[in-house]
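The opening residue of the sequence shown carries number 1 in this note's numbering; numbering runs sequentially from there.
Even for Gly, the Cβ is constructed at its ideal location relative to N, Cα and C.
All values derive from a computational prediction rather than experimental measurement.
One structure below.
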Amino acid sequence: MPPGQSASLQLPSFLHGTFRSVQQKTHQEGVRCGEQYRKDGTFPSPRQMVELPPGEVVVAHEVVDFQRERPAWRLYMVSHVMGDLAQDGQKSFPVRHDYEAFFRETAWGALFFATTHMGAVSAERTARRLQAVLRFWEPLQCARYLFNQPGVPQTLEEVMVAACGWAMDAWCPVGDASVRSRLEGAAERMARATREDCIEAIFREMPRALALARKLKHREVVADPAFQRERLASLDARSFERVSGALTGELIGLLYDWDQELGLQ
């Protein structure tokens, strides 16, 4: 654990309460952060941090938040803060990008951004997100999380497999290693990846994307590795960056784009 880092997990108080109360508090926090950012390009720290008892349950994904009238820690509602950062015609992308860069250096921010995949999920950006979670691994292990199984609190390892299993499979396909070591390997490789490295990672994840893209009209063509390699090579830098991390959802979108283009020929 890095020097000076707390061994326990702390969360901002604005993330605790009923859904409605957290909704109000995160709106206020987003406005507060947005106002300071417009003044000097910085963000204020949360007004109050609360240390969680060991084993405390944190709701980390909206899809499992069924008891909205029950007070709970609602980590996923950091997205509500981000929704209120840009106001008065201000472009949202720069301020959201800077918000992530700032709060990714906290345990709660690191986990939020690693598991929600906001924005373009490039190899470089994913590496930074995974590295942030790894820096805060010990305090994040103190809690249990509701993520993809309603009513079933999960460990940090289980959450990272559910949220970032695609990254481990594409970038560190060694099944018998620990989750933490596979994340470390994936982050290291993504951080120094060349375009060809990204293409090879995309090919490792492409079978899963093809299995989930059930409505392809030209499946035989888009499933051909030669066709895929040709189309990947033709992507401009910005378009390639978006899929360079090999996130399954991004690859599914790419497959449907290619499928639509074939239908227009």
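### Query
Per DSSP, what kind of secondary structure is H16 in: helix, strand or coil?
strand
### Query
A162 to D236, Cα distance in whole Å?
31 Å
### Message
So, at 8 Å on beta carbons, what are the nonlocal neighbours of L85 in its own chain, with the 5 sequence-adjacent residues on each side left out?
### Response
G30, C33, G34, Y37, S92, V95, R96 and Y99
### Message
Does F45 pass the burial test, meaning 16 or more other C-beta atoms within 10 Å, or should it be called exposed?
### Response
It should be pointed out that residue 45 corresponds to Ser in this sequence rather than to Phe. Exposed.
### Task
Mind the definition here: the stretch 184-194 touches the stretch 227-236 only if three or more C-beta pairs lie below 8 Å; say whether that holds.
no
### Query
Contact between the stretch 69-85 and the stretch 101-116: three or more CB pairs below 8 Å?
yes
### Residues near M168 in its chain [Cβ-Cβ closer than 6 Å; skip 5 each side]
R182 and A186
### Query
Do P225 and R204 have their C-beta atoms closer together than 9 Å?
no
### Query
Can you list, in chain order, the residues of its chain whose CB lies under 8 Å from that of R129, leaving out five sequence neighbours each side?
R104, A110, F113 and A114
### Task
Going by DSSP, name the residue or residues bridged to M297.
Residue 297 lies beyond the residue range present for the chain, which begins at 1 and ends at 265; the question has no answer from this structure.
### Message
Beta-carbon within less than 7 Å of D300's beta-carbon, same chain only, minus the 5 sequence neighbours each way: which residues are those?
### Response
Outside the displayed span of the chain (1 to 265) sits residue 300, for which this structure offers no information.
### Query
Quick one: what does DSSP say L130 is sitting in, helix, strand or coil?
helix
### Task
With DSSP collapsed to three states, give me the class of A107.
helix
### Task
Determine the extent of the alpha helix (DSSP H) in which A162 is found, giving its start and end residues.
L156 to W171
### Query
So who's on the other strand from V59, going by DSSP bridges?
R74 and L146
### Query
For the alpha helix (DSSP H) that P225 lies in, which residues bound it at each end?
P225 to S234
### Message
I'd like to know whether the C-beta atoms of W108 and L75 end up nearer to each other than 9 Å.
### Response
yes
### Task
With DSSP collapsed to three states, give me the class of S7.
Per the sequence shown, residue 7 should be read as Ala rather than Ser. Residue state, collapsed to three classes: coil.
### Message
Tell me the DSSP secondary structure of M118 in three-state form.
### Response
coil
#### Entry: Reference A60, options V152, E200 and K39, closest by Cα
V152
### Task
Under the assumption that R68 contacts T26 (Cβ atoms under 8 Å), give the Cβ distance between them as a whole number of angstroms.
R68 to T26, Cβ: 14 Å. No contact.
### Message
On the CB-based measure, 16 or more other CB atoms within 10 Å of its CB, does S122 come out buried or exposed?
### Response
buried
### Query
Among E250, A72, A213 and Y145, which has the Cα closest to the Cα of G55?
Y145
#### Entry: For V174, the three-state DSSP class (helix, strand or coil)
coil
#### Entry: Whole-number beta carbon distance between M206 and L140, since they are thought to touch under 8 Å
So it is not a contact: roughly 31 Å between Cβ atoms.
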